[in-house]
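**Q**
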Amino acid sequence: MPKHHRKVKKYVQKKAFTSPGTLAYVGKEVPIDTVVKLVEFNEEMYQQKIVRVMSECHPDFNENHTNWLDVDGVHEVSIIESIGKHYHLHPLLLEDVLNTEQKPKLEHFGEHNIFVIMKMLQYNELINEIESEHVGLVLGKNYVISFQEVHKSDVFGAIFERLKASVGKTRKGKADYLFYSLCDLVIDNYYVVIEKFSEKLEELEIKIIENPHPNDQTLLYELRRSLMQIRKAILPLRDIFGALTREDSQLIQPSTNIYLRDVYDHVLQTLETIESYREMIENIQNIYLTSLSNKMNSVMKTLTVFTAIFMPLTFIAGVYGMNFENMPELRNPHGYFYTLGSMVIIGIVFWVYFKWKKYV
Amino acid sequence: MPKHHRKVKKYVQKKAFTSPGTLAYVGKEVPIDTVVKLVEFNEEMYQQKIVRVMSECHPDFNENHTNWLDVDGVHEVSIIESIGKHYHLHPLLLEDVLNTEQKPKLEHFGEHNIFVIMKMLQYNELINEIESEHVGLVLGKNYVISFQEVHKSDVFGAIFERLKASVGKTRKGKADYLFYSLCDLVIDNYYVVIEKFSEKLEELEIKIIENPHPNDQTLLYELRRSLMQIRKAILPLRDIFGALTREDSQLIQPSTNIYLRDVYDHVLQTLETIESYREMIENIQNIYLTSLSNKMNSVMKTLTVFTAIFMPLTFIAGVYGMNFENMPELRNPHGYFYTLGSMVIIGIVFWVYFKWKKYV
Amino acid sequence: MPKHHRKVKKYVQKKAFTSPGTLAYVGKEVPIDTVVKLVEFNEEMYQQKIVRVMSECHPDFNENHTNWLDVDGVHEVSIIESIGKHYHLHPLLLEDVLNTEQKPKLEHFGEHNIFVIMKMLQYNELINEIESEHVGLVLGKNYVISFQEVHKSDVFGAIFERLKASVGKTRKGKADYLFYSLCDLVIDNYYVVIEKFSEKLEELEIKIIENPHPNDQTLLYELRRSLMQIRKAILPLRDIFGALTREDSQLIQPSTNIYLRDVYDHVLQTLETIESYREMIENIQNIYLTSLSNKMNSVMKTLTVFTAIFMPLTFIAGVYGMNFENMPELRNPHGYFYTLGSMVIIGIVFWVYFKWKKYV
Amino acid sequence: MPKHHRKVKKYVQKKAFTSPGTLAYVGKEVPIDTVVKLVEFNEEMYQQKIVRVMSECHPDFNENHTNWLDVDGVHEVSIIESIGKHYHLHPLLLEDVLNTEQKPKLEHFGEHNIFVIMKMLQYNELINEIESEHVGLVLGKNYVISFQEVHKSDVFGAIFERLKASVGKTRKGKADYLFYSLCDLVIDNYYVVIEKFSEKLEELEIKIIENPHPNDQTLLYELRRSLMQIRKAILPLRDIFGALTREDSQLIQPSTNIYLRDVYDHVLQTLETIESYREMIENIQNIYLTSLSNKMNSVMKTLTVFTAIFMPLTFIAGVYGMNFENMPELRNPHGYFYTLGSMVIIGIVFWVYFKWKKYV
Amino acid sequence: MPKHHRKVKKYVQKKAFTSPGTLAYVGKEVPIDTVVKLVEFNEEMYQQKIVRVMSECHPDFNENHTNWLDVDGVHEVSIIESIGKHYHLHPLLLEDVLNTEQKPKLEHFGEHNIFVIMKMLQYNELINEIESEHVGLVLGKNYVISFQEVHKSDVFGAIFERLKASVGKTRKGKADYLFYSLCDLVIDNYYVVIEKFSEKLEELEIKIIENPHPNDQTLLYELRRSLMQIRKAILPLRDIFGALTREDSQLIQPSTNIYLRDVYDHVLQTLETIESYREMIENIQNIYLTSLSNKMNSVMKTLTVFTAIFMPLTFIAGVYGMNFENMPELRNPHGYFYTLGSMVIIGIVFWVYFKWKKYV
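Residue numbers (full-length UniProt numbering), protein chains in the order written: chain A, 1 to 360; chain B, 1 to 360; chain C, 1 to 360; chain D, 1 to 360; chain E, 1 to 360.
This is how it looks when you write it as structure tokens:
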């Protein structure tokens, strides 16, 4: 939480009130250099190189190949800016790439580019928090440019492997198929995060049903917050992939369309799962509150039983503890035992009465 | 519950991050072999055979007949794959057939196939749980291919019987009418499951209204979960059959349209019933909570009555138990009886007062 | 309630899994015979006869008249079937007529028939329950066929009277105007039921605001259920009459359209009233719960006041009841009276304190 | 409340089940005669007369003037009927004019008339209730007919004044501008009612936040009911003026359109205000409930502190009040004072402990 | 709050019931004079002057420049009126400019003007309240007219600076780009206000989770009110900028469209943030209530433990304080010590029992 808000503050300080279109990085400080990889491939060949001096050597995209420029790290404004200039990317696109606070969105820049912002989610076991990574994908005529916030987790590693090994349809496909593969990968990741979430929720569910504890309320609250965070990352994707599915752009071939529909389908499925967890959290919350009421009832019954049994007995003891000179019972040699006897009987009667009223 | 999540885990482990289009079975392990039946019929004839060696003998669909390929079991990837190859089914279709976690959906594959995924629900009395079975239906030009998760329950048995016996319109109909009949059967099943559900809910309702118990909250929670599970299976069918009703495909004849509208109607009706049960559960929950409050009130009143009656009496007894040398009342020969009398009167006065305040 | 569910069971047993299009009655057993009336009228004449032997004598509709076939009772499948055959009604239409569980719906069967299912509601004072009656209306070129579940209440009696007496526009109108009149009648009935409901709700409202009782929760719950039942019957009519209003069918003349819009308007108004009662019930529920809390608070305050006043006094009495040999106060001749005096003062001080804290 | 329901009953008794189109007044009995005023004006002249004998002298609308027929009182069916006949108003329009229970609506009767029903709201300080007045406006080619339930409040007085004094655009405008002016007036009135409402709500809000009282719940409930009543009158106007804004009728000039849009805007603003008050009431309700819980907590703490301090002390006193022959402490000459001292110490220790636990 | 309602009252008093189109200022009294600045600029030049005597010297807009008339203060009706006359602004536009209660809206006045009303929000640290400022923007062919409520905060100062210094695209842009820049500035401001809000909310969140206090409920309520106020200012902007994005007006160039889409995007993002804070407040509210219940439970347990341990002990002491002549235990020389011992044992047993039941 504190981290999240530190970032927002930065955003406000750096970005608001500057002239729109002015490029500025918004996000956490990163000590690592940006790494830019260029991958060229078609059905026959596959070639990968690291682009070192961005300002001097701009890779030109080979017309006959599918080109993939993978940018690891968006914190070096000058690199992003030079890539932007070279490939004629719109300033607002670059602004969104640099703003790691930007929510997922789809933008069309004329017929040249389709631009998608997504959030890569990862569950950090150490600090028990979901971490979000900013990912931007630009689809052009025969190229894809992918921007990633930091390369802590090698997000697109699997695709590199698949391309190299020529597994599946990936290498036969054009830029739009690559674009789809990258989207698919990000969304597959959500399953993993949601699974982690569901494990924690079910643990808590069993605990609360069996033996609720005051702290559980806070744990439930934290899970609800995590779920809200996940949902925030995924919800906009419904509209984004819904729109891509109905897309009429020349950048996306009809044959790729059915794959995008599949991604859309996965997004819907994920959202439904999230909704059902939301409802589940609400229900667990209800169970928790009801069990509190039940406990209170049980505590109150204990109190009432003790009070109702011992109060009359203490009263009787008090009566025979009075110091009146003339109290005939006191002189009765068996008075004490009769009194003890009545006390036992009264106690038993009340006990049975409360037993019958389900108080004990 | 645990079962459900074990499956999701499998999905994540097996499926996420593999190249899209790679076929893999996602679901429970099944020790039984897949059985493939081929039924050919038209108004005059009916013929049924079991297709044993899929890899060698591919059944070709007879142009003049309606063909129905019924696949019992989707866990043998090679069989599904070979069926897919032979009938030119799209890889994504096969992927959905193999993924028993796939939620219900409708997919068009060009003009060749309409593909529907549904969930068959069954109430398992033994473990008191609703079991879900994965069903996939492919409608082609003159054929229907049906995939079922396992053939534990002979889901489509009734249709076989009806075709053999030439009862009803089923045999006169073409592939689209057969397709409709299969859908109709699955949806008829929901009535049975919902009826089971409603029986349990009404039992609990009566119990909670008459005599709520702390455990009832958990029972109610479990029913709510079951209802959510049923709803999850049926909700997507609204869109699916809504779309099929407005379908303009050549695969569905106008005369079949009115039948699909009828199925759509049943789905809507079922969803409405589910909604009303949802609301009912919420209301029962409210009754439960209110009755807890009412009980608490009643316990508190008992406590208050006991305390308020015996506290003053004990106090009086305490006063006359003091050991002051000069306490004139103590020497009064009737003091003891006067005191006892006042105690009785005070007790009665408080009792009447609390009676009047509706405490007892 | 039990009745409702008995019916669903019947439905499941009889209907589910039979071949679609197979006709079967779904509903309560009825010992009375079906009565079929044929009314022919135009501006000049009015003629009414009872059609006895359906299988032999099929009434043909007179081209120059408006014909109205009124079928009282839908439990005799053979009669419904023979009517269906004679007038070329679609099998699914007949299926819906026979299924008294069918929710309200509008169906077009080509250009020949507009078919509407509605629910007639009636408040049964004896068993304090709302009873629902199944009504089906078929509009054809110059005829209307009306099906009613049983003729316990002579639902359409008013229309017969009006036609005979030639009151209002009814007799001048064509089949579509008759169709409208019948719909209007059913909807007018809802006002009566809702009025009954509102009377009961207001009684309960006043009772709960003035003096809530544990049972009121159950009464409120039953009213909520009744309201849900009414809403279920009326909600689909919004879409049905909305669609009829925009209808472009040759069966409905433009001049009748404005009347259907009026019916639509009444449906909307009724639904709004229902919504406001729903909200009212929720608010009464809140009042009820809050008044429980208020009562609890008041009980607790009583308890606290008694405890807090008498505990210290009893303690003081206890102190002077101790048997130490050297307790100087005990020998003071006025000690007893001083002590009693202090007790009175302490009691008054606490009383004033709690008065000031609004505990008493 | 009772008034409201008396009216509904009348409606049911008089109106339901009569032939549609039969005219009948539905509403409160009014002892005053209907007054019909005819105003003719254009930019140059202004003329106003009272039309006394409706049946004999029908005013004809002057083609060159804008004509306004203002009908105060809709309870005399014959007058409404004769107006209707003379100006060819549709029977359903007259039915709606006579039915003071009719909710707001917009109706087009061909190209001849646009008909709007609205509710004039007024806050009656005496009985602390919002009163609703039925207003119907008919826009024709060069005339407006306005119907008002009773002329208790001279609803349209301001417009008469404005026309006479030739203030603003009103007199230059045609019938459609007059029509707009009347609508605008009714909606301006809502601001006044809502302001009254907001005053009462804020009073209650401050009271509940500072010092909640059991009765406040009922007051809040009544405010909620008032708000629902206001909302019910205004909500349909959103659709009505939304439709009028998009209106393509020849009766409304394009230049008037922008004014209707302004009215539409006011309606939206009013509805938003109502929504925010709704949310505010809900929040106040929450505060109220929470403060009940807080009070309960505080009462319980007081009880616990008293019990926990005096119970052990009374116990100690009880111990030394026992009559054993051999109790060495009793013979100690300072035993009494030691005991008193320990009691004070124990009392202080508990007090400090509960102070530390924030119980006191 | 009081301020807000004082304003509404003024509105009602001044504005309602006057002829529509009559100009009147609605808002707080302002002692400062209105300041009107005229800025003319194009890519080469920038010129700024203060327009002093509005009635005599009307600035004409230079055709070759982009002209910006900035009006600080809308309380002097005559100035607004004269500007309106000179630039042919519609009377309804001026009415909206003068009404500081007017909610945000977008209005088209033919092809000549696009008019937007927005609310500038500012957090006033002194009175801990969000202040709202009325801003109106008129876009014409080559000019923008901006109206601001008061110039307490120099709202558009940053734009002046940017234009002077020729930073960014602002000066190259035409009137539509300036219009966009002003909108963007207002919306950037919301980030600042929301950040302030979020800081306060998180403080309260931590406080409530760790140690809830009765007052926190009121603080939470105030935050909820602030959030509602912010939401009220921003929600209409969604529709406004959504519409501007789809705008087909000649006043907005296609190249500016993408910038407006960016603003639209920011509005959506802000609304989402607001929604998530809303949900967060609700959850905190739940935590608060649950912690109240938990506390109550803990208080009740303390009470029960004290009562249940000391009641039996006091009873035993009472028994041996009875004055029967024949009580054999009393004469036992060790009776006292045996009794004390049993008391200790009973106390320990109960203590352990409650420890086991998690009461202490």
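Think of the CB as a built atom: it goes at the ideal place given N, C-alpha and C, for glycine as much as any other residue.
For Leu251(D), does the three-state DSSP call read helix, strand or coil?
**A** Three-state result, Leu251(D): coil.
**Q** Indicate the three-state DSSP secondary structure (helix, strand or coil) for Gln13(B) in the structure shown.
**A** Low local confidence applies: a pLDDT of 45 at Gln13(B) is under 50, so the model's placement there is unreliable, with the coordinate-based value given in what follows. Helix at Gln13(B).
**Q** Helix, strand or coil: which one does DSSP assign to Leu313(B)?
**A** Helix.
**Q** When you compare the CB of Thr256(D) with every CB in chain E, is at least one pair closer than 8 Å?
**A** So, not an interface residue.
**Q** Determine, using beta carbons only, whether Leu137(A) comes closer than 8 Å to chain B.
**A** Chain B contact via Cβ: absent.
**Q** Do Phe197(C) and Ser166(C) have their C-beta atoms closer together than 8 Å?
**A** No, the Cβ-Cβ distance between Phe197(C) and Ser166(C) is not below 8 Å.
**Q** Give the single residue among Leu268(C), Leu106(C), Val36(C), Ile50(C) whose Cα lies nearest to the Cα of His75(C).
**A** Checked all of Leu268(C), Leu106(C), Val36(C), Ile50(C); the closest Cα to His75(C) is Val36(C).
**Q** Measuring only the C-alpha atoms, how far is Gln250(D) from Glu111(D)?
**A** Their backbone Cα atoms lie some 8 Å apart in a straight line.
**Q** Taking Ser255(D) as the reference, which of His88(D), Leu137(D), Lys174(D) has the closest Cα?
**A** Looking at the Cα atoms, Lys174(D) is the closest of the given residues.
**Q** For Asn67(A), which beta-bridge partners are listed by DSSP?
**A** For Asn67(A), which the question treats as bridged, DSSP gives the partners Glu40(A), Tyr143(A).
**Q** Quick one: does Phe224(D) have its CB under 8 Å from some CB of chain C?
**A** According to the sequence shown, residue 224(D) is Arg rather than Phe. It does: the Cβ of Arg224(D) has a partner Cβ on chain C nearer than 8 Å.
**Q** So if I threshold CB-CB distances at 8 Å, which residues from the region 287–311 of chain B count as touching chain A?
**A** Under the 8 Å Cβ criterion, the region 287–311 of chain B contributes Tyr288, Leu289, Leu292, Ser293, Lys295, Met296, Val299, Met300, Thr302, Leu303, Phe306, Thr307, Phe310, Met311.
**Q** Please list, in chain order, the chain C residues whose beta carbon lies closer than 7 Å to that of Ala317(D).
**A** By Cβ distance, chain C contributes Phe315, Gly318, Val319, Gly321, Met322.
**Q** Does chain D have any CB closer than 8 Å to the CB of Glu133(C)?
**A** False, the Cβ-Cβ gap to chain D never drops below 8 Å.
**Q** Hey, how far is the Cα of Phe350(D) from the Cα of Val360(D)?
**A** Whole-angstrom Cα-Cα distance: 11 Å.
**Q** Taking the beta strand (DSSP E) that Lys172(C) belongs to, which residues open and close that run?
**A** Per DSSP, Lys172(C) belongs to no beta strand (DSSP E) and is neither H nor E.
**Q** Can you grab the Cα-Cα spacing for the pair Lys200(E) / Leu219(E), in whole Å?
**A** If I take the Cα positions, the gap works out to 10 Å.
**Q** Contact check, Asn128(A) vs Val26(A) under 8 Å by CB: the rounded distance?
**A** The pair is not a contact, with the Cβ atoms about 26 Å apart (cut-off 8 Å).
**Q** Are residue 380(E) and Thr302(A) touching if we call contact CB-CB under 8 Å?
**A** No statement about residue 380(E) is possible, as the shown extent of chain E runs from 1 to 360 and does not include it.
**Q** List the residues of chain B that Lys28(C) touches, going by C-beta distances under 9 Å, in chain order.
**A** Within 9 Å Cβ-Cβ: nothing; Lys28(C) doesn't reach chain B, min ~17 Å.
**Q** Taking only beta carbons into account, state which residues of the region 78–105 of chain D come closer than 9 Å to chain C, listed in chain order.
**A** Of all residues in the region 78–105 of chain D, His90, Pro91, Leu92, Glu95, Asp96, Glu101, Gln102, Lys103, Lys105 have a Cβ within less than 9 Å of some Cβ in chain C.
**Q** From this set, Val30(A), Thr290(A), Leu223(A), which residue's C-alpha is nearest Glu203(A)'s C-alpha?
**A** Ranking Val30(A), Thr290(A), Leu223(A) by Cα distance to Glu203(A) puts Leu223(A) first.
**Q** Taking the C-alpha atoms as reference points, what is the distance between Leu292(A) and Asn211(D)?
**A** If you take the alpha carbons of Leu292(A) and Asn211(D), they lie about 27 Å apart.
**Q** Could you say if the region 333–345 of chain A and the region 274–283 of chain A meet the contact criterion of at least three C-beta pairs nearer than 8 Å?
**A** No, they do not touch.
**Q** Is His213(E) helix, strand or coil by DSSP?
**A** His213(E): coil per DSSP, three-state reduction.
**Q** Could you say which of Tyr190(D), Val71(D), Ile348(D), Val267(D) lies nearest to Leu121(D) if we only look at CA atoms?
**A** Of the candidates Tyr190(D), Val71(D), Ile348(D), Val267(D), the one whose C-alpha sits nearest the C-alpha of Leu121(D) is Tyr190(D).
**Q** Output yes if chain B places a C-beta closer than 8 Å to the C-beta of Tyr25(C); else output no.
**A** For Tyr25(C), the answer is no, since every Cβ of chain B falls outside 8 Å of its Cβ.
**Q** Along the region 102–128 of chain D, what residues have a CB closer than 7 Å to any CB found in chain E?
**A** Residues passing the 7 Å Cβ filter: none.
**Q** In three-state DSSP terms, what is Glu111(B)?
**A** Glu111(B) falls in the coil class under three-state DSSP.
**Q** Only counting the same chain, and skipping five residues up and downstream in sequence, which positions put a Cβ closer than 6 Å to that of Lys49(C)?
**A** Same-chain partners within the cutoff: Leu38.
**Q** Within the 8 Å Cβ cut-off, does Lys7(E) reach chain D?
**A** Residue placement at Lys7(E) is flagged as unreliable, the pLDDT there being 42, under the threshold of 50; the coordinate-derived value follows with that caveat. No, its Cβ sits nowhere closer than 8 Å to a Cβ of chain D.
**Q** Would you tell me roughly how many angstroms separate the C-alpha atoms of Val8(E) and Glu101(E), rounded to the nearest one?
**A** Reliability fails at Val8(E), whose pLDDT of 41 lies under 50, so the model's placement of it is uncertain and the value that follows must be treated cautiously. Going from the Cα of Val8(E) to the Cα of Glu101(E) covers about 7 Å.
**Q** In the DSSP output, what is Ser82(D) paired with across the bridge?
**A** Answer by DSSP bridge pairing: none, since Ser82(D) is not bridged.
**Q** Let's see if you can read the secondary structure: which residues bound the beta strand (DSSP E) around Tyr46(A)?
**A** Segment 46–51, the beta strand (DSSP E) holding Tyr46(A).
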